[in-house]
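Heads up: the sequence lines are chains A and B, in that order.
Adding 19 to a residue's 1-based position in the first sequence gives its number in this note's numbering.
Adding 19 to a residue's 1-based position in the second sequence gives its number in this note's numbering.
Think of the CB as a built atom: it goes at the ideal place given N, C-alpha and C, for glycine as much as any other residue.
These notes concern the structure reproduced below.
2 protein chains.
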Amino acid sequence: MTNQKRSDGTRARILSAAVERFTHGGYDTTSVADICAAANVSKGAFYHHFPSKQAVFIALLERWLDELDETIRSVAAGGESAPVRLSRLAGLVGQVSELGTGRVPMFLEFWRQAAKAPEVWQVTVEPYRRFRAAFASLIGDGIREGSLRAVDPDAAALALVSMGVGLVLQGALDPAEAQPADAGEHAVALLLEGLARGSDHDTK
Amino acid sequence: MTNQKRSDGTRARILSAAVERFTHGGYDTTSVADICAAANVSKGAFYHHFPSKQAVFIALLERWLDELDETIRSVAAGGESAPVRLSRLAGLVGQVSELGTGRVPMFLEFWRQAAKAPEVWQVTVEPYRRFRAAFASLIGDGIREGSLRAVDPDAAALALVSMGVGLVLQGALDPAEAQPADAGEHAVALLLEGLARGSDHDTK
DNA sequence: TATTACATACCGACCGGTCGGTTTTTGAAC
DNA sequence: GTTCAAAAACCGACCGGTCGGTATGTAATA
């Protein structure tokens, strides 16, 4: 095996072990030794690949941000009409609230660290700004097309993203009570109803 | 001064110092010594009043829960019609998202700890269940009165509380971008629009 | 005097990070 | 293809310091 491949493999094992341990116990509680043990790697190898514990954390954050970016781009593009793309992006929120449950503790860690470390803050805030911007842009399109009421796009985008965040969080915290089937899509649908011009229940 | 009063004062000082330190630095990062220093109290006094660090944390949580209970009861009661009470309770969400910003780090701590310690989990989940229940009850009233569309009360309540949680969180994380004036009320209004029967924008 | 309230010194465990040394890989000379 | 030295990857013992909690004592109240 080439050295490069070995090195990359070790690095990858450290990262995936880190996300597993951080998810399980939080940033402060998880020790570097924990991560090393879970990754079958020595402490020396750890500090050979990363300058500090926080560096690993930030690397994870940036990796997640890249994924998110990709997802938004692929969903928000496409040539269809604004409302279609909007509800597709909104539907993504519902999916995330179900699929992403296991990752929520990690998001909580991101938020918590963001309040303390400025460099983490900037990276953490970014995805939400992008989400809101993507929604606002779509809503603006919808308004110009005449398919949505003339609301403030930014406020509506904030409302949508807020509901997404809240759904994910409550679903993770209290799956039994706050995460019935289709809860996400149902809730989002209620909000889109408030946005629609001449809502469909009286035009159909 | 009586012994009782002195004891109560010390206890109160520990609690308020704890909430200040936990808010500032998080649960794990804040040491018992930190709290003692901020409260001008010795470690002996600390462990005389509380059996452990976690016990202080839970005491804070329960205190907050009591306040919340009081608030919900006073707002959700009152003799007016359901929609009035509903929007008043919803308006509270908007207020919380502005006033409660400084407390958000503490809520994050609650959620984080809830994922690990079962006894914390139960206490943490409770307020959201009560919030949802209060909303669902009001929405049910509104539907029976005919002032709201016949949606699923539980789903609508989940949507409302989710938006509240999301607004609070984003407002705290990114005040500059995610917390324009009236953002909370504006966002909630959009959602209530989706709930209203024969919304005013197409009857006017 | 008995009990409650508080103070201080201290313990063992643990943690992030370092460091000297060892193994593995690499690339170039032969 | 073999050799070999330098570089990269890796190892694990160790260090200074911190932390939650305890043990033991003193001062104030009842």
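Interface flag, A/V144 vs chain B, CB-CB below 9 Å
Within the first sequence, residue 144 of chain A is the residue found at index 125, counting from 1. Output row for A/V144: interface = yes.
Could you say if the stretch 156 to 175 of chain B and the stretch 164 to 182 of chain A meet the contact criterion of at least three C-beta pairs nearer than 8 Å?
Too few Cβ pairs lie closer than 8 Å, so no.
For B/T14, go through chain A and note every residue whose CB falls closer than 9 Å to its CB, in chain order.
Beyond the ends of chain B as shown, which are 20 and 223, falls residue 14 of chain B; an answer cannot be given.
Test item: CB-CB of B/F65 and B/E128 under 9 Å:
The sequence position of residue 65 of chain B within the second sequence is 46, counting from 1. The sequence position of residue 128 of chain B within the second sequence is 109, counting from 1. Pairing B/F65 with B/E128 gives a Cβ-Cβ distance that is not under 9 Å.
Inter-residue spacing [alpha-carbon to alpha-carbon] between B/A191 and A/L157:
The count along the second sequence starts at 1 and reaches residue 191 of chain B at position 172. The count along the first sequence starts at 1 and reaches residue 157 of chain A at position 138. Taking the Cα positions, B/A191 is about 25 Å away from A/L157.
Return the bridge partner residues of B/A215 from the DSSP annotation.
Residue numbering aside, residue 215 of chain B sits at position 196 when the second sequence is read from its first letter. DSSP lists B/L167 as partners of B/A215.
Whole angstroms is fine: what's the gap from B/A178's alpha carbon to A/V144's?
To locate residue 178 of chain B, count along the second sequence from 1; it is residue 159. To locate residue 144 of chain A, count along the first sequence from 1; it is residue 125. Rounded to whole angstroms, B/A178 to A/V144 spans 23 Å at the Cα level.
Do A/L17 and A/A202 have their C-beta atoms within less than 9 Å of each other?
Because chain A here runs from 20 to 223, residue 17 of chain A falls outside it and cannot be looked at.
Can B/L211 and A/V184 be called in contact, C-beta distance under 9 Å?
Taking the first residue of the second sequence as 1, we reach residue 211 of chain B at position 192. Taking the first residue of the first sequence as 1, we reach residue 184 of chain A at position 165. In this structure, A/V184 does not lie closer than 9 Å to B/L211 by Cβ.
Between the stretch 37 to 50 of chain A and the stretch 40 to 48 of chain B, can you find at least three pairs of beta-carbon atoms closer than 8 Å?
Contact check between the stretch 40 to 48 of chain B and the stretch 37 to 50 of chain A: three or more CB pairs, one atom from each, fall below 8 Å, which counts as touching.
Does A/R148 have its Cβ less than 9 Å from a Cβ in chain B?
Taking the first sequence and counting its residues from 1, one reaches residue 148 of chain A at position 129. Contacts with chain B at 9 Å (Cβ-Cβ) include A/R148.
Through-space distance from A/A153 to B/H205, alpha-carbon basis:
As a working mapping, residue 205 of chain B is identified with position 186 in the second sequence. As a working mapping, residue 153 of chain A is identified with position 134 in the first sequence. For B/H205 and A/A153, the distance between alpha carbons rounds to 19 Å.
Count the C-beta pairs between the stretch 121 to 138 of chain A and the stretch 53 to 65 of chain A that are closer than 8 Å, then say yes if the count reaches three, no if not.
Touching, no, given that fewer than three Cβ pairs across the two stretches are closer than 8 Å.
Around the C-beta of B/Q198, are 16 or more other C-beta atoms found within 10 angstroms, so that it is buried, or is it exposed?
The count along the second sequence starts at 1 and reaches residue 198 of chain B at position 179. With 16 or more neighbouring CB atoms inside 10 Å of its own CB, B/Q198 falls in the buried class.
Here's the rule I'm using: 16 or more other beta-carbon atoms within 10 Å means buried, otherwise exposed. How should B/R131 be labelled?
Looking up residue 131 of chain B in the second sequence gives position 112. That one is buried.
Let me know if B/K223 comes out buried or exposed under the rule of 16 or more other beta-carbons within 10 Å of its beta-carbon.
Position 204 of the second sequence holds residue 223 of chain B. For B/K223, the predicted model reports a pLDDT of 29, less than 50, meaning its position is unreliable and no value from the coordinates is stated.
Can you tell me whether B/A109 is buried or exposed? The criterion is at least 16 other CB atoms within 10 Å of its CB, across all chains shown.
Walking along the second sequence from the start, residue 109 of chain B turns up at place 90. By the neighbour-count definition (other C-beta atoms within 10 Å, threshold 16), B/A109 is a buried residue.
For B/I91, tell me which candidate among B/S181, B/R148, B/A195 and B/S26 has the shortest Cα-Cα distance.
Against the second sequence, residue 91 of chain B aligns to sequence position 72. When only C-alpha atoms are compared, the closest one is B/R148.
Taking only the alpha-carbon atoms, compute the straight-line gap between B/G28 and B/L34 and give it to the nearest angstrom.
In the second sequence, residue 28 of chain B corresponds to position 9, counting from 1. In the second sequence, residue 34 of chain B corresponds to position 15, counting from 1. Taking the straight line from one Cα to the other gives about 10 Å.
DSSP state of B/S35, grouped into three classes?
What you label residue 35 of chain B is simply residue 16 of the second sequence in a count that begins at 1. Of the three classes helix, strand and coil, the one that applies to B/S35 here is helix, per DSSP.
Comparing alpha-carbon positions, which option in A/E81, A/A155, A/P70 and A/R107 lies nearest A/W140?
Mapped onto the first sequence, residue 140 of chain A falls at position 121. Nearest neighbour of A/W140 by Cα position, chosen from A/E81, A/A155, A/P70 and A/R107, turns out to be A/E81.
Closest residue to B/E196 among A/V180, A/A208, A/R30 and A/A195 (Cα-Cα distance)
Start at 1 with the first residue of the second sequence, and residue 196 of chain B comes out as number 177. Ranking A/V180, A/A208, A/R30 and A/A195 by Cα distance to B/E196 puts A/V180 first.
B/R40 CB to nearest chain A CB: under 9 Å?
Position 21 of the second sequence holds residue 40 of chain B. No, its Cβ sits nowhere closer than 9 Å to a Cβ of chain A.
Neighbour list for A/E196 in chain B, Cβ cutoff strictly below 8 Å:
Here the question's residue 196 of chain A lines up with position 177 in the first sequence. In chain order: V144, R148 and R151.
Can you name the residues of chain B whose CB is closer than 7 Å to the CB of A/V170?
Here the question's residue 170 of chain A lines up with position 151 in the first sequence. The contacting residues are L209.
Given that a residue counts as buried once 16 or more other Cβ atoms are within 10 Å of its Cβ, and exposed if not, what is B/D173?
Start at 1 with the first residue of the second sequence, and residue 173 of chain B comes out as number 154. Residue burial annotation: B/D173 is buried, with at least 16 other C-beta atoms found within 10 angstroms of its C-beta.
If you check the beta carbons only, do A/L79 and A/M125 fall under 9 Å apart?
Position 60 of the first sequence holds residue 79 of chain A. Position 106 of the first sequence holds residue 125 of chain A. Yes. Within cutoff.
Starting from the beta carbon of B/D193, find every residue of chain A whose beta carbon is closer than 8 Å, and list them in chain order.
Working through the second sequence from its first residue, we reach residue 193 of chain B at position 174. Neighbours of B/D193 on chain A, chain order: V144, Y147 and R148.
Per-residue DSSP class, three states only, for A/D85:
Within the first sequence, residue 85 of chain A is the residue found at index 66, counting from 1. In the three-state reduction of the DSSP assignment, A/D85 falls in the helix class, which pools H, G and I.
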